[in-house]
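Residue numbers (the numbering used here): 149 to 401.
Below, the structure is given as structure tokens:
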């Protein structure tokens with residue numbers, strides 16, 4: 149049973165009556181605050197997910213801390229069963245909040261690789277926009293495929309395929325490897341698989357991570373750009389906005 153709960157549901161989830169909830173506080177709010185577009189000068193007509201304030205712009209550290217605090221307050225199974233949603237029929241469309249295809253794809257990457265169950269609001273995959281709940285429920289342009297964002301659609305298809313093919317992304321724990329204002333790197337892990345994810349909000353110098361901390365010596369690219377191995381370090385591309393996924397492997401395996 150997944151509850152429609154728009155605010156802090158930690159006490160209810162600890163009570164054991166719900167398997168999960170719509171994870172607005174532990175996913176949607178921090179992702180909006182990290183990826184809101186520069187051109188979003190004020191607030192969408194619906195405010196900040198029901199709050200009568202503008203959408204803030206937060207650094208990566210604040211975003212990760214928000215997610216960790218939510219997860220720390222509920223059973224792990226409730227985290228895995230809760231929806232990771234970028235928007236819904238009651239909110240502005242994420243494309244409107246993010247302001248660009250690139251930042252939307254970055255949000256999708258987070259959605260497909262963060263602990264929880266990804267929930268896609270129909271129309272997001274073709275780039276529909278909307279400033280509030282009712283505006284976001286625009287008619288699907290089935291008869292006008294020329295208006296669809298085909299690059300975005302392909303990104304959804306590929307990221308969903310990666311998610312479906314990885315037990316670590318579906319069931320694994322999460323361990324943060326790097327957090328800065330504009331970049332977040334984390335590992336999703338089960339006993340037989342480790343996946344490394346890198347979300348870059350803006351460009352920076354390539355990111356170096358020690359291979360010993362990753363638990364392997366090779367990185368197989370699942371989405372995004374290839375990484376390099378330089379001695380005892382993995383060197384990750386840090387252009388942005390961009391999202392990357394690699395499977396961590398032992399050498400030769």
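Glycine is no exception: its CB is placed at the ideal position from the N, C-alpha and C atoms.
The alpha-carbon of residue 152 is positioned some 16 Å away from that of residue 228. Here the alpha carbons of residue 318 and residue 179 stand approximately 19 Å from one another. Three or more Cβ pairs closer than 8 Å define a contact, and the segment 324 to 335 meets that threshold against the segment 352 to 362.
Between the segment 358 to 367 and the segment 304 to 312 there are fewer than three C-beta pairs closer than 8 Å, too few to call the two in contact. For residue 197, the three-state secondary structure derived from DSSP is coil.
Taking all protein chains in view, the Cβ of residue 225 is surrounded by fewer than 16 other Cβ atoms within 10 Å, so the residue is classified as exposed. If you check the CB distance, residue 335 and residue 367 do not come in under 8 Å. Boundaries for residue 274: no alpha helix (DSSP H) harbours it, and the DSSP string shows neither H nor E there. In the displayed model, residue 380 falls within coil according to three-state DSSP, outside both helix and strand.
Across the set 176, 300, 391, the C-alpha of 176 shows the shortest separation from the C-alpha of residue 230.
Every unbroken stretch of the alpha helix (DSSP H) spanning 4 or more residues and falling wholly within the segment 199 to 223 is given here in chain order: 208 to 220. Beta-bridge pairing by DSSP links residue 324 to 334.
Between the C-alpha atoms of residue 181 and residue 291 there is a straight-line separation of about 34 Å.
Nearest neighbour of residue 304 by Cα position, chosen from 213, 238, 330, 255, turns out to be 255. For residue 383, the closest of 374, 391, 390, 389 by C-alpha to C-alpha distance is 374.
In terms of Cα proximity to residue 283, the closest of 260, 307, 235 is 235.
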